[in-house]
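Just below is one structure, and these are the notes that go with it.
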Amino acid sequence: PPRSTLSSSSAASDVYKRQTINYKNGFKEGPFEIYFEDGKIKALGNYVKGLEDGNWQEFSNEGNFLYIGNYNQGNLNGRWQTFHLNGRLFSMGNFNEGKKEGLWEYFNEQGELFKIQIFENDVLIKCEGKCPAKEEESD
């Protein structure tokens, strides 16, 4: 498949040095990579027929994870983790075809659990810890 390595001069060029994107039949296809100006990796992912698919990861300039998760045909799917800038885990939970599902845990910058939420089909069912006021919760 044709491979295109772009060195952009757009507004993003002050942050990113290079992107590697593959195309097949006019759609993004295969591995995707984007780098910071200093050459460190910023994000890794994969496309299938123009849609995000498989494992995706994004990093801070210091090399810490910002998020790790999976896509299925463009939808968030499976285990997702997001991180504070200091590299500690911020949130962890599951998506089912783009919708939050089941247990989600949230941690402060010191790594202490401060909130637990339970979702069914993207609807908040239960929250413990630092939760929104009752009128803000979904029924």
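One point on numbering: in the working numbering, the residue at position 53 of the sequence shown is 1366, and numbering is uninterrupted.
Glycine is no exception: its CB is placed at the ideal position from the N, C-alpha and C atoms.
Check: Residue range of the unbroken beta strand (DSSP E) whose run includes Cys1440; Outcome: 1436 to 1442
Check: Gly1391 - DSSP class collapsed to helix/strand/coil; Outcome: strand
Check: Counterpart residues of Lys1412 in DSSP-defined beta bridges; Outcome: Asn1409
Check: Selected residue, minimal CA-CA separation from Gly1387, among Lys1443, Pro1445, Lys1355, Trp1369; Outcome: Trp1369
Check: Rounded Cβ spacing between Tyr1380 and Gly1367 (contact assumed at less than 8 Å); Outcome: Contact flag wrong, Cβ pair sits at about 14 Å.
Check: Extent of the continuous beta strand (DSSP E) to which Asn1383 belongs; Outcome: 1378 to 1385
Check: Three-pair Cβ contact test at 8 Å for the stretch 1426 to 1433 versus the stretch 1392 to 1403; Outcome: no
Check: Candidates Glu1433, Glu1422, Asn1374: closest to Phe1396 by CA position; Outcome: Glu1422
Check: Leu1459 and Gly1411 closer than 8 Å at C-beta; Outcome: Lying outside 1314 to 1452, the shown extent of the chain, residue 1459 is not represented and no answer is given.
Check: Arg1401 - partner residues in DSSP beta bridges; Outcome: Its beta-bridge partners do not exist; DSSP assigns none.
Check: Exposure of Ile1347, with buried meaning 16 or more beta-carbon neighbours within 10 Å; Outcome: buried
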